[in-house]
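Just so you know, we're using this note's numbering here: the sequence shown kicks off at 34 and counts up by one. Cβ atoms here follow ideal geometry from the backbone N, Cα and C, with glycine treated the same way. What follows is a single structure, written as C-alpha cells, with notes after it.
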Amino acid sequence: MKTVLITGASRGLGLALVQTFYELEYKVYAVVRAANAYDMLTKMYPNVSVLIADVTHESYKEQLSQFISNTEINVVINNAGSAGTSGIDTRRSTGDQLIYEFETHCVGALSTVNAVLSNEHILPPSVIVNISSRRGSLNMQATGAAMGIKCSFSYRIAKAAQNMLSLCMADDLESMGIKVISVHPGALLTKMAPADATLTPEQSASRLVKILEDSNVKSRDFICLETGKLPW
Ligand SMILES: NC(=O)c1ccc[n+]([C@@H]2O[C@H](COP(=O)([O-])OP(=O)(O)OC[C@H]3O[C@@H](n4cnc5c(N)ncnc54)[C@H](OP(=O)(O)O)[C@@H]3O)[C@@H](O)[C@H]2O)c1
C-alpha cells in the first residue's frame, strides 16, 4: 500500500487531497491544526492517521517525526498555507507579516521534509510536492504579469522563498532518488479564493494525483494545474 503525508488537511485543497488519495486506497497521514478538524477527519476517513500540529511550531518537526516513526512515506505534500494579511503594498507590509508567512510556507515545509528524512532506516519518499502559487513566480512578477494584483507581499515573498527551497532540495536529494516539485494548484474556490477562482479543490486534487500516478513528474518542475508549467 502506498503512503502519502499531507499538511493543511482540514479544508480546501488539503481535505480534497485526503479524499482523493483515500479513494485510491493510499494510507493517508494528515496534519491539521485544530481538534475539531481531527474529529472531522477521523470520522469521515477511519483509516486516515491524523496529527494535530502547527507547522510553524518549534516542536513540529519532533511531533511529526514521532507520528510517522518507522513508516515509509512515498509522497509528501506540503500544502498548509495562509494568504497573508492586508499588506498588499509597501506601506502596509510589515516584518512580522513576512516572517509569519515565511515560517508557514518555507520553514514549515522544510520541517516536514526533515521529519520524514529523520529515520535513516526507512526508504526515502519518491516525490516531495510543495504547494506553491503563481504568486511565487519571480519571472511573472518581473515581467509585469502580476502588476496590480491584490495579493499580500508576505504571501508572494514566502512562496518565492518556498520555490527556492524546492530547487535547493531537488539538487540535494537527487542522489537519494527523491524528486521535488513545486505546484500551483490553480485559482481555487476555497477560503483563500482569489477573485478569478474557478477550479474546485476536488478538481485540483484529482489533477495533481493524476500527474503523480502517471509517474511523469520531473524534479525541478514548477507545474500549474490549470495551464501546464509556470516560469520560476
Ligand atoms: N486557493 C487558491 O486559489 C490557491 C492558489 C495558489 C496556491 N494555493 C495554495 O494552496 C494551499 C492550500 O490552500 P487552500 O486554498 O486549500 O486554502 P485554505 O482553504 O485556506 O486551507 C489552508 C490549510 O492550511 C492550514 N494551515 C494554515 N496555516 C497552518 C499552520 N501554520 N499549520 C498547520 N496548518 C496550517 C489550514 O488549517 P486551519 O483550518 O487550521 O486554518 C488549512 O487546512 C496553500 O498552500 C495555498 O497557498 C491556493
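- Checking the DSSP bridge columns, you'll see Asn111 partnered with Asn163.
- In this structure, the beta-carbon distance from Asn112 to Leu50 falls below 8 Å.
- Sequence-distant Cβ neighbours of Tyr59 in its own chain, meaning closer than 6 Å and more than five residues away, are Lys35 and Val37.
- The count of Cβ pairs closer than 8 Å, one atom from the stretch 211-226 and one from the stretch 160-177, reaches three, so the stretches are in contact.
- Between Val83 and Thr40, the CB-CB gap reaches or exceeds 8 Å.
- As summarised for the stretch 55-138, the continuous beta strand (DSSP E) elements at least 3 residues long and confined to that stretch are 60-65, 82-85 and 108-111, given in chain order.
- A distance of 8 Å or more separates the beta carbons of Val146 and Lys212.
- Distance from the CA of Gly177 to the CA of Gly128, rounded to the nearest whole angstrom, comes to 24 Å.
- Contact check between the stretch 128-143 and the stretch 184-192: three or more CB pairs, one atom from each, fall below 8 Å, which counts as touching.
- Proximity to Trp265 across Lys224, Leu198 and Gln96 peaks at Leu198, based on C-alpha coordinates.
- Proximity of the beta carbon of Ser115 to ligand 1 is indicated: a heavy atom of the ligand is located closer than 7 Å.
- In this structure, Ala203 keeps its C-beta atom at 8 Å or more from the C-beta atom of Ser144.
- A straight line joining the alpha-carbon of Glu153 with that of Ala179 spans about 42 Å.
- Our two residues, Lys224 and Lys183, have alpha carbons roughly 16 Å apart in a direct line.
- Membership of Thr145 in the alpha helix (DSSP H) is indicated by the continuous run Gly141 to Leu150.
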